[in-house]
Amino acid sequence: MKNYTYRFIFILALIVSSCSDDVLDLVPESDVTAVNFFKSESDFRIYANQFYDYFPREGRGFADFIWKEDNNSDNQIQNGNGNIFAHGTNTVNDNPSGYGGGGWNFDNIRTVNYFLDQLEASELSEDVKNRWRAEGRFFRAYLYFDKVKKYGDVPWFDTAHAETDPEIYKPRDSRATVVNNIINDLDFAIINLPQEIGNKENIDVYIAHALKARIALYEGTLRKYHGKSEPFTELLNQAIISAEVIMSEDGYKLHEDGGPATSFYNYFALAKPGTSTETILARHFSTDLGITHWSQRFITGEAGTGFSKSLADDFLCTDGLPISLSPLFNKATDYDFIETEMANRDPRMVQSIFNKGDLKLVGPDEYFNEENDRVPPFNQNWPTGYAIKKFSNTDRVFQVPGAADDGVFVFRLGEIYLIYAEAKAELGTLTQNDLDISINLLRDRVGMPHMTLAGLVRDPDSDFDGSIADIPAVSVLIDEIRRERRVELAAEGMRRDDIIRWKAGQLLVQTPLGAKFNASVYPNAVGQPFARTNSDGFIEPYQGLTIVKQFDENKNYLYPVPPSEIGLYPSGVLTQNPGW
């Protein structure tokens, strides 16, 4: 209960700081409690504002950058020893801040349930209650989805139990039960949230559909590829239905400002993504309110990560063929320079990865490529040669440390198109028209040839053709949709979730490589530890490091439960996840 006290005091502090003396005189400060606070709709609105901090943050301080979220996958390679969870080298950990540590923590869920409990006890009208029940249940679904992804079976709580209540030590509920409750929460939210596009900063019906589509696709495909006993088709159908609701709303369109050559990059460089028709939900920041971040300073100055060769190779050529089949790409020579590697490729590649001559800031007062003849950075801060351009912004104001207030999206239309196409393909119902109203709109934005059912060819370098042990083989159609998802959503924190649900964990133990090292381009890097290469001349960032990458199919798809948490429960009630 003390956690609620602290949170409630924090909310009251916000209210007190914004109220007039006349208002404060109405209730003595010593008497301000939950009993006399939760009276009006405004009270619940103010309390619910804290829930929005549960969404991804764009680096308040030095961490949490959206573009770093793919470090735990095969899309990106960070400097140093890298991500221990991606390597499969994490251990059962009692450190609350470590992997497998603080994740088994239900404080945020209890905070939402406390809000819902107070709502039930209030004297507001049923219509008003339903409006805020919907918002609370949306956030409960959002938080529980994260728990399910990490731990599988988790205890479901729909009320805020006191810390002395034995019920907080109940056994885990099955994953299927929790997912069913999540979907029920979202269905309630969909009925009772505002039914029009709002300001894109507050929850509305379309945002609830976006979350439902994401969750239903994840759980449906996970059930299919992991051989779960629960049916998966209904979840995939629900993903399609929610995606269709958003796709049919005229207020949502892809961001196309700048045309095929720059529109993709321009969307991710927006200072206020909520102004774009592509954005479904955004988080905004404000220098006036002191809510800022360091993201731009880091992505262009000390990124500490870079894209992998595996991701770079997945960008098609401009003829719509993979590099292994297209006459537009010569593996013997085109890897030698970044500008030749990215020539004649899907325009999303050069709009996601820094190319020779790109304008790039390194601080508030100077440009890295001001003379327009410099190459992308390659050193310990950009360890792969594929420097991340996506999400960067060349406005100098955002380079001032701690002063950037450019926002970040949480849901966007591009993801919805991909959910729709993948769910249809997994059910075997995808038509050419389905492609034309989803994936081919993404391709139209950048001027790429359409994906056609009649023109699909298997990439000989596919990861999903059955050639890698333990990774299920899929059809050429599903394979190509997965490619499209990878290149469209790179650096958006989706890749590891995709690997998990597709049962493709063995991709995480492949040797991560960067671009081909060219000593004539980077003479100062010759002999440096970060410039180690494999026998073919490609940068191998982790060469020589004392780590043994591994992925145990029987355990690494879930996090371990901290032993300290298990010890709090009666003997045998909370068990460890398999293999841990």
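If you're matching positions, the sequence shown starts at 1 in UniProt numbering and goes up one per residue. For every residue, glycine included, the Cβ atom is placed at its ideal position computed from N, Cα and C.
When the beta-carbon positions are compared, Asp-185 and Arg-140 come within less than 7 Å of each other. Along the length of the segment 441-510, whole alpha helix (DSSP H) runs at least 4 residues long occupy 476-488 and 495-501, reported in chain order.
Note that the segment 532-547 does not touch the segment 317-334; fewer than 3 beta-carbon pairs, one per stretch, sit closer than 8 Å. When rounded, the separation of the alpha-carbon atoms in Asn-440 and Gly-259 is 16 Å. Taking a 10 Å sphere around the C-beta of Thr-546, we find fewer than 16 other C-beta atoms and assign the residue as exposed.
If the five residues before and after Ala-423 are omitted, its C-beta is found closer than 6 Å to the C-beta atoms of Leu-217, Leu-236, Ala-239 and Ile-240, all from its own chain and listed in chain order. With fewer than 16 neighbouring CB atoms inside 10 Å of its own CB, Ala-519 falls in the exposed class.
In the three-state DSSP reduction, Asn-355 falls in the coil class, being neither helix nor strand. Three or more Cβ pairs closer than 8 Å define a contact, and the segment 372-389 falls short of that threshold against the segment 241-248.
Separation of the CB atoms of Ile-499 and Ser-308 is rounded to 13 Å, and the pair is thereby denied contact status at 8 Å.
When DSSP assignments are scanned along the segment 250-284, the uninterrupted stretches of beta strand (DSSP E) that are 3 or more residues long and fall wholly within it turn out to be 279-283.
Take the alpha-carbon of Ser-467 and the one of Arg-348: they are about 28 Å apart. Within a 10 Å sphere around the beta-carbon of Tyr-169 sit fewer than 16 other beta-carbons, which makes this residue exposed. The C-beta of Glu-69 has 16 or more other C-beta atoms within 10 Å across all chains shown, which makes the residue buried. Between the segment 449-457 and the segment 306-321 there are three or more C-beta pairs closer than 8 Å, enough to call the two in contact. Contact annotation, Leu-413 with Glu-278: C-beta distance approximately 5 Å; criterion of less than 8 Å satisfied. When secondary structure is reduced to three states using DSSP, Lys-331 falls in the coil class, being assigned neither helix nor strand. Restricted to the segment 197-231, the alpha helix (DSSP H) segments that are unbroken, complete and at least 4 residues in length are 205-225, listed in chain order.
Relative to the Cα of Ala-491, the nearest Cα in the group Tyr-417, Ala-121 and Ser-392 belongs to Ser-392. Leaving aside the five residues that flank Val-526 on each side, the residues in its chain whose CB is nearer than 8 Å to its CB run, in chain order, Ala-519. Here Val-410 is buried: its Cβ has 16 or more other Cβ atoms, across all protein chains shown, within 10 Å.
The Cβ neighbour count for Ser-40, taken over all protein chains shown within 10 Å, is under 16; the residue is labelled exposed. The C-beta distance from Thr-384 to Gly-514 rounds to 3 Å, short enough to meet the 8 Å contact threshold. Taken through DSSP and simplified to helix, strand or coil, Lys-516 comes out as strand. Per the DSSP secondary-structure output, Trp-132 pairs with nothing in a beta bridge. The beta carbons of Ser-324 and Asp-465 sit no closer together than 7 Å. Taking the Cα of Pro-578 as reference, the smallest distance to any Cα among Asn-199, Ile-203, Pro-56 and Asp-153 is reached at Asp-153. No Cβ-Cβ contact shorter than 7 Å links Ile-182 with His-209.
Per the Cβ contact rule, the segment 111-118 is in contact with the segment 154-166 (3 or more Cβ pairs under 8 Å). Counting only the Cα atoms, Ile-215 lies some 11 Å from Asn-180.
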